[in-house]
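In full-length UniProt numbering, the protein residues as written are 3 to 325.
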Ligand code: AVJ
């Protein structure tokens, strides 16, 4: 069959602008002030994140890749999946290992990458079709956290959510997300989840506050996004990047600390935001997991953890669940 590339846009064009306005208004008028991490990823933020994945201190990408390379064939064989759905697919670089492994077994005929970035989807599809000319790709421009309807494709499906991005969700959001994933699945389908694991705080903090300042630039970039999109006047030099380990919740918090008392104006929202000296704006949580409690969360969502693989160092895990 000729390679089929379809792209379906389920995000209305102005969805992003409206969502950013709502998130900034809600987040910067709350206590403590927060911004959702999804806004990191404009072109500059995506570049900085790609650079982060190459930093010696930032182990998650390498650790997950080690597991995927070692286990992709086993994962594809165990699931017999004929459709791979990837939530938050980005450049699909992680998925390539699964698609390469599946190609040998030719069980996988359809790939459904889901991302908010149409350009990332089109770029990834071009590369993948070169390597897998017979693969049917049905790309979805969608925000998977806001409900998702998948196209009809051959079952069983393997739904993958990799990279540890599950850690960006607060516990309540995680429960909702996992329930939404369960709702996408039918008996015989599988869910593959990448999760960073609890470890010594020094290693964790270093991964989110590298000495070369790439993560600091990534963190501050969200202020540049708000400046550009909403006409705000954040002074990026008047905020300092902070990464802390919250031992109670077992998550890393990235924050931007106001180095002085200052007022930031956001004309598009007709808003002026006061920061006290030392006040911290939380820009991301990155939760770290334990096998037992993550298993409980999956089961509460109606998913049944079946397989668990880690890298040699036990730093990161892939968990395969059935329904
Ligand atoms: C892409 C969300 C998995 O939480 O580790 C990297 C983003 N933040 N460095 C993570 C991130 C700071 C990353 N995720």
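From the three backbone atoms N, C-alpha and C, an ideal C-beta is built for every residue, glycine too. Being a predicted model, the structure only gives us computed values, none of them experimental.
- A distance criterion of 7 Å places the beta-carbon of residue 93 beyond contact range of the ligand AVJ, judged by its closest non-hydrogen atom.
- Annotation note: the segment 222 to 251 contains the following uninterrupted beta strand (DSSP E) runs of length 3 or greater, listed N- to C-terminal: 241 to 248.
- At least one heavy atom of the ligand AVJ sits closer than 7 Å to the Cβ of residue 220.
- Per DSSP, reduced to three states, the secondary structure at residue 99 is helical.
- Within its own chain, the residues whose Cβ lies closer than 8 Å to the Cβ of residue 203, once the five positions on either side in sequence are excluded, are 247 and 249, listed in chain order.
- Taking C-beta separations shorter than 6 Å and ignoring five residues to either side along the sequence, the partners of residue 321 in its chain run 195, 307 and 310, following chain order.
- Short of 8 Å from the beta carbon of residue 66, and not among the five residues preceding or following it, lie these beta carbons of its own chain, in chain order: 96, 164, 165, 166, 196, 313, 318 and 320.
- Taking C-beta atoms as the reference points, residue 177 and residue 302 count as a pair closer than 8 Å.
- Residue pairing from DSSP leaves residue 168 without any beta-bridge partner.
- Residue pairing from DSSP places residue 310 in a beta bridge opposite 321.
- Relative to the ligand AVJ, residue 51 has its C-beta within less than 7 Å of a heavy atom.
- With a contact defined as Cβ atoms closer than 8 Å, residue 134 and residue 105 qualify at about 6 Å.
- Annotated three-state conformation of residue 276 is strand, per DSSP.
- In chain order, 116, 146 and 163 place their CB closer than 6 Å to the CB of residue 89, counting only its own chain and leaving out the 5 sequence neighbours on each side.
- Closest in alpha carbon position to residue 41, among 21, 34 and 54, is 21.
- Ranked by Cα distance from residue 175, the options 148, 159 and 190 are led by 148.
- Classified as exposed, residue 189 has fewer than 16 neighbouring CB atoms from the shown chains inside 10 Å of its CB.
- Within the chosen limit of 7 Å, the ligand AVJ reaches the beta carbon of residue 288 through at least one heavy atom.
- A distance of 8 Å or more separates the beta carbons of residue 81 and residue 14.
- Residues 30 and 266 of the same chain have their beta carbon placed closer than 6 Å to that of residue 275, with the five preceding and five following residues left out of the count.
- Per DSSP, reduced to three states, the secondary structure at residue 134 is coil, with no helix or strand assignment.
- The alpha-carbon of residue 126 is positioned some 19 Å away from that of residue 12.
- For the ligand AVJ, a non-hydrogen atom lies closer than 7 Å to the CB of residue 217.
- Just so you know, the alpha carbons of residue 84 and residue 156 end up roughly 6 Å apart.
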